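Contents: one structure, followed by commentary.
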Amino acid sequence: MFMGIVMHNDKPLLKKVVEKILGSEYVEKIWKRIEIVGDIAVIRKPFDLSPDIFKAVGEELLNQLPYIKSVWLAVSPVHGAERIREYIHLAGEARSETVYKEYGCIFRLDITKVYFSPVLSYDHMRIARQVKKGEKVLNMFAGFGPYSVILSKYAQPSYVLSIDINDYAARYIRINIELNKVSIFNEVIHGDSLLIVPALKEKFDRILMPYPDMFEEAIDVAIKAVKDYGYIHPHLFIEAENKRQAFMKAVEKVVER
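With the working numbering, the residue at position 104 of the sequence shown is 140, and numbering never jumps.
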């Protein structure tokens with residue numbers, strides 16, 4: 037079981053299936069990626085197409101991907117403080133909970149209850165490799181726990197505090213901490229990190245902010261909670277023409293604070 041993006045013979049499989057089932061006129065309207073989480077496949081619905089036409093697409097994906105047991109259609113963007121999408125079941129088993137492995141860690145989650153993104157897999161390990169032995173780490177928007185669990189498994193932090201306002205996310209973090217046997221230095225708090233963090237007495241060596249929409253509200257809270265010479269890892273949205281420009285704009289936005 038894994039989490040990732042599916043391609044097929046260097047061409048997006050979803051576009052091939054849509055062309056076969058619905059016709060070539062629909063191909064350019066379809067988001068090309070299939071997101072795989074464990075044994076669940078997720079595709080996204082273009083805003084101008086009816087969900088009903090995707091039922092046959094879901095059935096064909098089950099035939100093309102034998103390791104997939106359930107196919108879901110995402111019919112909304114991520115929304116709300118709890119960071120979830122709306123989904124419609126298309127084919128296979130009518131369940132939205134699954135288990136997947138990432139960098140040797142096991143994660144359980146429900147795609148309809150918590151935020152997930154296969155494209156962040158690289159970043160999970162990138163951050164983990166930067167954590168130094170004995171660090172105290174704060175994850176302000178922990179989700180179901182991929183950053184917290186992976187850095188706990190591969191680094192040697194002395195303490196990891198994970199906070200999320202989504203009750204289901206907090207439950208799954210606790211489950212995933214136990215599954216990966218890293219509970220000895222992990223703590224989970226269900227609640228609003230913007231209220232919880234200012235009330236904490238301790239400061240942290242490293243603070244994670246994997247929630248771009250909350251950058252403006254959260255960055256000042258993080259700055260006050262980080263130790264001198266500590267690290268803050270904010271996620272933020274930047275419009276730029278290339279990676280260098282994006283980097284410079286991101287630095288400027290953070291330094292402005």
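Glycine is no exception: its CB is placed at the ideal position from the N, C-alpha and C atoms. On a predicted model such as this, the values are computed, not experimentally measured, just so you know.
Comparing alpha carbon positions, the residue from Leu-244, Ser-198, Lys-81 closest to Val-224 is Ser-198.
Taking a 10 Å sphere around the C-beta of Asp-200, we find 16 or more other C-beta atoms and assign the residue as buried. Assignment of His-271 by DSSP, reduced to helix, strand and coil, places it in the coil class. Judged by their CB atoms, Tyr-247 and His-271 are nearer to each other than the 8 Å cut-off.
For Glu-138, the enclosing beta strand (DSSP E) begins and ends at 133-138.
Here Asn-202 is not near Leu-244, since their CB atoms are 8 Å or more apart. Ranked by Cα distance from Val-150, the options Lys-105, Ile-209, Glu-171, Ala-191 are led by Ile-209.
With a cutoff of 8 Å on beta-carbon distance, Ile-120 and Thr-148 are scored as near each other. Excluding the 5 residues flanking it on each side, Glu-61 has no same chain C-beta neighbour closer than 8 Å. Here Lys-169 has Gln-192 as same chain residues with Cβ atoms under 6 Å from its own Cβ, once five neighbours each way along the sequence are excluded. No Cβ-Cβ contact shorter than 8 Å links Leu-58 with Ile-104. Annotation for Val-54: the continuous alpha helix (DSSP H) segment containing it runs 49-57. DSSP places His-160 inside the alpha helix (DSSP H), whose first and last residues are 157-164. Taking a C-beta distance under 8 Å as the contact criterion, Leu-145 and Phe-180 qualify as a contact pair. At a Cβ-Cβ threshold of 8 Å, Arg-80 and Ser-106 do not count as neighbours. The beta carbon of Leu-230 is closer than 7 Å to those of Glu-253, Ala-254, Val-257 in its chain, skipping five residues each way along the sequence.
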